[in-house]
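Notes follow once the structure below has been shown.
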Amino acid sequence: MKFIKKQTQAGFTLLELLVVLGIIAMLAGIVGPQVMKHMGESKTKAAKVQIEDLAATLDMYKLDVGHYPSTEEGLNALVEAPDSAKRWNGPYLQKTKVPLDPWQQEYHYVSPGEHGKFDLFSLGADGKEGGEGEDQDLVSWE
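For the sequence shown, the numbering used here assigns the number 187 to the initial residue and increments by one for each residue that follows.
Quick look at the structure:
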């Protein structure tokens, strides 16, 4: 007696693949904007933390040197000893250069500041004064 094997193909039909792709596209359309919104919020929070850390580092600099770096010396005085700093005990930052804000722009530093001993701020994602959301200015004096 001879047995005839019935050959079946394993796999997905084109219709099943299209349904799965449609579901994935719908989920991406719903989830994608939410992820991007939270990514902007996280950059803002990271900038606030960096500003607080840099402000604390500037306070350590003042304890050693006796004054905050001038506007001209800038935040670079935390990494390299300026000529005016006789008791400089740095570098005060772990890295060999001053960090950039989360939008890859330099932090702005003014000393003496209009709002306190020094003003340290980032102009946000748009790089311009003012703004809301991710474009808002992040400052050390608030």
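Quick reminder that beta carbons are idealized off the backbone N, C-alpha and C, glycines included. Since the model is a prediction, treat every value here as computed from it, not as a measurement.
Only counting the same chain, and skipping five residues up and downstream in sequence, which positions put a Cβ closer than 8 Å to that of I237? The beta carbon of I237 is closer than 8 Å to those of Y293, L306, F307, S308, L324, V325, S326 in its chain, skipping five residues each way along the sequence.
Since P288 and A233 should fall inside the 8 Å C-beta cutoff, what is the C-beta to C-beta distance between them, to a whole number of angstroms? Right, their Cβ atoms sit about 5 Å apart.
Just confirm the distance between the C-beta atoms of G310 and E300, as a whole number of angstroms; I'd bet it's less than 8 Å. G310 to E300, Cβ: 19 Å. No contact.
CA-to-CA distance, D312 to Q280, given in whole angstroms: Taking the straight line from one Cα to the other gives about 28 Å.
With a threshold of 16 other CB atoms inside 10 Å of the CB of P255, please say whether the residue is buried or exposed. buried
Per DSSP, D305 forms a beta bridge with which residues? V296
Quickly, what does DSSP pair L324 with across the bridge? List them, please. For L324, which the question treats as bridged, DSSP gives the partners S308.
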